[in-house]
Ligand SMILES: [Zn+2]
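Numbering (the numbering used here), first residue to last: 101 to 384.
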């Protein structure tokens with residue numbers, strides 16, 4: 101197996117399914133994808149996940165919409181959100197763009213449709229009409245799940261006009277929490293590492309990029325890098341709700357965790373690279 105970014109032979113990683121590139125630091129996982137497979141799907145309580153992530157996601161999505169507007173052509177209007185999940189990005193983008201979504205998970209897509217959001221059920225780009233074009237294409241926590249990422253980038257290139265905008269929001273392997281998870285995995289504690297790759301989930305991660313090797317990959321498919329920055333992965337917003345939302349909660353323990361995270365983890369995390377990056381490219 102060779103590196104998706106630079107074609108260098110991949111080396112063994114920290115697990116039987118994990119490979120790394122010694123030349124460009126790209127990481128890959130040979131984990132099976134089982135979207136719409138009921139047996140795997142039961143593992144995830146979608147409602148609990150939705151609530152836990154909401155405040156931080158919405159805050160980050162507002163920042164991404166503002167960045168997309170800033171870097172898109174002045175008249176850019178049609179926006180495609182690939183893997184629109186619960187539709188929060190579509191809602192955030194609605195003031196600035198005419199936004200529509202694609203979501204492969206039928207249950208999740210039906211939930212968005214019930215709320216009146218313009219979502220199509222299926223995979224990118226198969227679910228699109230042959231001639232459909234967009235000014236902006238966005239992948240929020242999606243591109244790292246797509247095995248043939250180069251094909252997905254070529255499909256984006258084909259659906260954008262010259263100067264069209266590609267927005268990728270995805271995990272960064274430079275992030276503090278991912279690097280800590282690798283350290284722990286080397287010490288035999290595999291839980292956090294497996295969780296960050298989403299092992300056992302319907303659609304686990306199959307790639308982990310640094311800002312540099314991602315830019316190298318996307319530029320190789322006919323795009324120019326316009327912007328790269330980090331987004332917060334932990335936030336004080338909604339923290340108390342996240343700590344107290346699940347079933348029987350010991351409020352003393354929740355209060356202690358709240359103080360520990362606000363006074364310890366949050367300030368510490370800000371000293372290191374974040375685990376989320378947002379990268380904006382334009383079609384050459
Ligand atoms: Zn490489």
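Using N, Cα and C, we set each Cβ at its ideal position, and we do this for glycine too.
Exposed unless 16 or more other CB atoms sit within 10 angstroms - verdict on residue i
i: residue 352; result: exposed
i: residue 102; result: exposed
i: residue 229; result: exposed
i: residue 119; result: buried
i: residue 232; result: exposed
i: residue 341; result: exposed
i: residue 130; result: exposed
i: residue 157; result: buried
i: residue 183; result: buried
i: residue 248; result: exposed
i: residue 143; result: Residue placement at residue 143 is poorly supported in this model, since its pLDDT is 48, which falls under 50; the coordinates still yield a value, given next. Counting Cβ neighbours within 10 Å, residue 143 comes out exposed, since fewer than 16 surround it.
i: residue 126; result: buried
i: residue 259; result: buried
i: residue 318; result: buried
i: residue 315; result: buried
i: residue 274; result: buried
i: residue 174; result: exposed
i: residue 244; result: buried
i: residue 403; result: The displayed coordinates of the chain run from 101 to 384. Any statement about residue 403 would go beyond what the structure contains.
i: residue 372; result: exposed
i: residue 368; result: exposed
i: residue 360; result: exposed
i: residue 187; result: buried
i: residue 209; result: buried
i: residue 193; result: buried
i: residue 185; result: buried
i: residue 349; result: exposed
Residue i beta carbon near ligand 1 (any heavy atom closer than 6 Å)
i: residue 318; result: no
i: residue 308; result: no
i: residue 250; result: no
i: residue 379; result: no
i: residue 362; result: no
i: residue 105; result: yes
i: residue 119; result: no
i: residue 200; result: no
i: residue 108; result: yes
i: residue 397; result: The requested residue 397 is not part of the displayed model; the chain covers only 101 to 384.
i: residue 220; result: no
i: residue 295; result: no
i: residue 123; result: yes
Inter-residue CB distance, residue i and residue j (contact presumed, cutoff 8 Å)
i: residue 282; j: residue 114; result: 6 Å
i: residue 160; j: residue 331; result: 5 Å
i: residue 375; j: residue 304; result: Contact doesn't hold; Cβ gap of about 16 Å is too wide.
i: residue 336; j: residue 344; result: No, residue 336 and residue 344 are not in contact; Cβ-Cβ is about 14 Å, not under 8 Å.
Residue-chain proximity (residue i, chain B), Cβ-Cβ < 7 Å
i: residue 228; result: Considering every chain present, this structure includes no chain B. It has just one protein chain.
Cβ-heavy atom distance, residue i to ligand 3, below 6 Å
i: residue 330; result: Here the bound small molecules are ligand 1; ligand 3 is not part of this structure.
Is the stretch 292-302 close to the stretch 273-281, with three or more CB pairs under 8 Å? Taking 8 Å as the limit for Cβ pairs, the verdict is that the stretch 273-281 does touch the stretch 292-302.
Taking 8 Å as the threshold, find out whether the stretch 170-177 comes into contact with the stretch 153-162 through three or more Cβ pairs. The answer is no - the stretch 153-162 does not touch the stretch 170-177, with fewer than three Cβ pairs under 8 Å.
If we count Cβ pairs, one from each stretch, closer than 8 Å, do we get three or more for the stretch 255-265 versus the stretch 232-241? Judged by Cβ distances under 8 Å, the stretch 255-265 makes contact with the stretch 232-241, as three or more pairs qualify.
Okay, do the stretch 187-204 and the stretch 221-228 touch, 3+ Cβ pairs below 8 Å being the bar? Counting Cβ pairs under 8 Å, three or more are found: they touch.
Check whether the stretch 244-258 touches the stretch 316-336, taking contact to mean three or more Cβ pairs, one atom from each stretch, closer than 8 Å. The stretch 244-258 vs the stretch 316-336: in contact.
Any beta strand (DSSP E) of 3 or more consecutive residues that is wholly inside the stretch 297-375: Listed in chain order, they are 323-331.
Start-end ranges of the alpha helix (DSSP H) lying completely within the stretch 177-227, minimum 4 residues: Unbroken alpha helix (DSSP H) stretches of 4 residues or longer found wholly inside the stretch 177-227: 188-193 and 206-214, given in chain order.
4-residue-minimum alpha helix (DSSP H) runs that sit fully inside the stretch 224-277, ordered along the chain: With a minimum length of 4 residues, the continuous alpha helix (DSSP H) runs that stay inside the stretch 224-277 are 249-259.
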